[in-house]
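Under our numbering, the first residue of the sequence shown is numbered -12, with each subsequent residue one higher.
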Amino acid sequence: MLRRVFNIVSAIVLVAALALAVAFAGVRLVGLTPYAVLSGSMEPQYPVGSLIYVQDKTPEAVQVGDAITFSLDSGTLVTHQVYDIDAEGQLFYTQGIANVDESGAVIPDAAPVPFSRLAGVPVFCIPFLGYVNAWCTSTSGFFAIVSLVGAFIALSIVVELLDGRKKSSRSGSAVRGSHARP
């Protein structure tokens, strides 16, 4: 019974781990890069805690109204909507759709984005998965995952030993209980 429960729990944990591995890293094989959404500047389109998947796109393929992911001078990545494009100056003018003033008008970003800073275009988003990604990639999350894997391996060994003892005690009692008579 213990072995059956352990096998079911193991299967569930394995499926969840594989799903997260695909969501966080496997998507890179098809040209997508996942990023956690950390601010509310693009809500409700990209809620805080979401995981967005960004695909490479040439600056010339970006249109007004598209959301783009770009890097700031500091290296921080931002996803905002393009409201104007200066093709000659190679600049995007962007805004966070949730950044509004008292009248409800969207406030444009302070500086335009050079074409060279374009990381790509978000193609889809999974709500709440960004929280999981941020935790897994944090120091405490990494150590927690390593600890859980170690505990899982130790538990697997214990279950195997207990199962082996039960089998040997059953087979041993059957051998002891049967005597061959000449």
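For each residue, glycine too, the CB sits at the ideal point set by N, CA and C.
As the structure is a prediction and not an experimental result, all values here were calculated from the model.
Go ahead and label residue i buried or exposed: buried means 16 or more other beta carbons lie within 10 angstroms of its beta carbon, across all protein chains shown.
| i | result |
| --- | --- |
| THR66 | buried |
| ALA167 | Its pLDDT being 48, under 50, ALA167 is placed unreliably by the model, and the measurement read from it follows with that caveat. Result: exposed. |
| PHE130 | exposed |
| THR56 | buried |
| VAL17 | exposed |
| PRO31 | exposed |
| GLN82 | buried |
To the nearest angstrom, how far is it from the Cα of residue i to the Cα of residue j?
| i | j | result |
| --- | --- | --- |
| VAL146 | ILE(-5) | 13 angstroms |
| SER28 | ALA106 | 18 angstroms |
| SER165 | VAL136 | Caution is warranted here: a pLDDT of 49 is assigned to SER165, below 50, making its placement in the model unreliable, and the coordinate value is therefore given only provisionally. Cα-Cα distance, rounded: 44 angstroms. |
| PRO99 | ILE72 | 9 angstroms |
| ALA8 | SER90 | 44 angstroms |
| LEU19 | ASN86 | 27 angstroms |
| VAL69 | ALA(-2) | 44 angstroms |
Checking contacts by CB at 7 angstroms: is residue i closer than that to chain C?
| i | result |
| --- | --- |
| LEU105 | In the structure shown, chain C cannot be found, because there is only a single protein chain. |
Please report the Cβ distance between residue i and residue j, rounded to the nearest whole angstrom; I am assuming they are in contact, meaning their Cβ atoms lie under 8 angstroms.
| i | j | result |
| --- | --- | --- |
| SER37 | CYS112 | 5 angstroms |
At least three beta-carbon pairs within less than 8 angstroms, the segment 16 to 33 to the segment 111 to 126: Yes: at least three Cβ pairs fall under 8 angstroms.
I want to know whether the segment 75 to 94 touches the segment 0 to 10 - three or more CB-CB distances under 8 angstroms. At 8 angstroms Cβ cutoff, the stretches do not touch.
Would the segment 39 to 46 and the segment 94 to 111 be scored as touching if the rule is three or more Cβ pairs under 8 angstroms? The segment 39 to 46 and the segment 94 to 111 touch, with no fewer than 3 CB-CB distances between them shorter than 8 angstroms.
Curious, which full-length beta strand (DSSP E) runs of at least 3 residues does the segment 48 to 136 contain? Those beta strand (DSSP E) runs which fall completely within the segment 48 to 136 and span 3+ residues are 54 to 58, 64 to 73, 78 to 87, 93 to 95 and 105 to 113.
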